[in-house]
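Heads up: the sequence shown runs through residues 3 to 175, numbered per my numbering.
For every residue, glycine included, the Cβ atom is placed at its ideal position computed from N, Cα and C.
None of the values given here were measured: they were computed from a predicted structure.
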Amino acid sequence: MELLEKNVLAFCDTDFEDLEMWYPVLRLREAGATVTIAGPEAGKVYKGKYGVPLESDISYADVNSSRFDGLYVPGGWAPDKMRRDADVLKLTREFHEASKPIGQICHAGWVLASAKIVKGYTMTSTPGIKDDLENAGAIWVDEEVVVDRNLVSGRRPPDLPAFMRELINLLKS
Numbered sequence: 003m004e005l006l007e008k009n010v011l012a013f014c015d016t017d018f019e020d021l022e023m024w025y026p027v028l029r030l031r032e033a034g035a036t037v038t039i040a041g042p043e044a045g046k047v048y049k050g051k052y053g054v055p056l057e058s059d060i061s062y063a064d065v066n067s068s069r070f071d072g073l074y075v076p077g078g079w080a081p082d083k084m085r086r087d088a089d090v091l092k093l094t095r096e097f098h099e100a101s102k103p104i105g106q107i108c109h110a111g112w113v114l115a116s117a118k119i120v121k122g123y124t125m126t127s128t129p130g131i132k133d134d135l136e137n138a139g140a141i142w143v144d145e146e147v148v149v150d151r152n153l154v155s156g157r158r159p160p161d162l163p164a165f166m167r168e169l170i171n172l173l174k175s
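Structure, rendered in structure tokens:
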């Protein structure tokens, strides 16, 4: 249980990528972390792109980032909604300013770009948002996982094992 006593916040909203939400949440819990799911509303069930439900524990507005050791942002279409939420952007910046690990995969880079925290960072994502990350100042590479300081980025579901290995390693340190 390498992440005992670690608390990780995971953002969610409708149309998250099911594997990119559930695999990391379950893997973090398996490693001993407490994972809190934050959505636009507390206690609401959000469904993934393929219909898998997930209930939020807390609303974005009620999160205190100082209670958490890291942040996870899943991909799918949800990041396009999340990046328009002022609380999501504020929280993302708070985690980043505190140099806490932030994991993002696939389209989740949209949230980090909108939070204006990617300039000068080497990152990966689904190729579909390569231009968005580069326009926000990131250095984009096509690799299964990239770790640059406190940011861990991955491309897509087949890269989840490598992505989670690196996110867990960063959360352990």
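Straight through space, the alpha carbons of residue 109 and residue 83 are spaced by roughly 11 Å. Within its own chain, the residues whose Cβ lies closer than 8 Å to the Cβ of residue 62, once the five positions on either side in sequence are excluded, are 13, 40, 41, 42, 87, 89, 90, 93, listed in chain order.
Distance from the CA atom of residue 52 to the CA atom of residue 4, rounded to whole angstroms, is 31 Å. Beta-carbon to beta-carbon, residue 9 and residue 44 are separated by about 17 Å, too far to satisfy the 8 Å threshold. Residue 49 sits in a strand when the DSSP states are folded into three classes. Residue 162 and residue 128 have their C-alpha atoms some 13 Å from each other. Residue 150 is not a Cβ neighbour of residue 78, given a cutoff of 8 Å.
Taking the CA atoms as reference points, residue 48 sits about 14 Å from residue 22. The C-beta separation of residue 164 from residue 146 comes to about 5 Å, placing the pair in contact by the 8 Å criterion.
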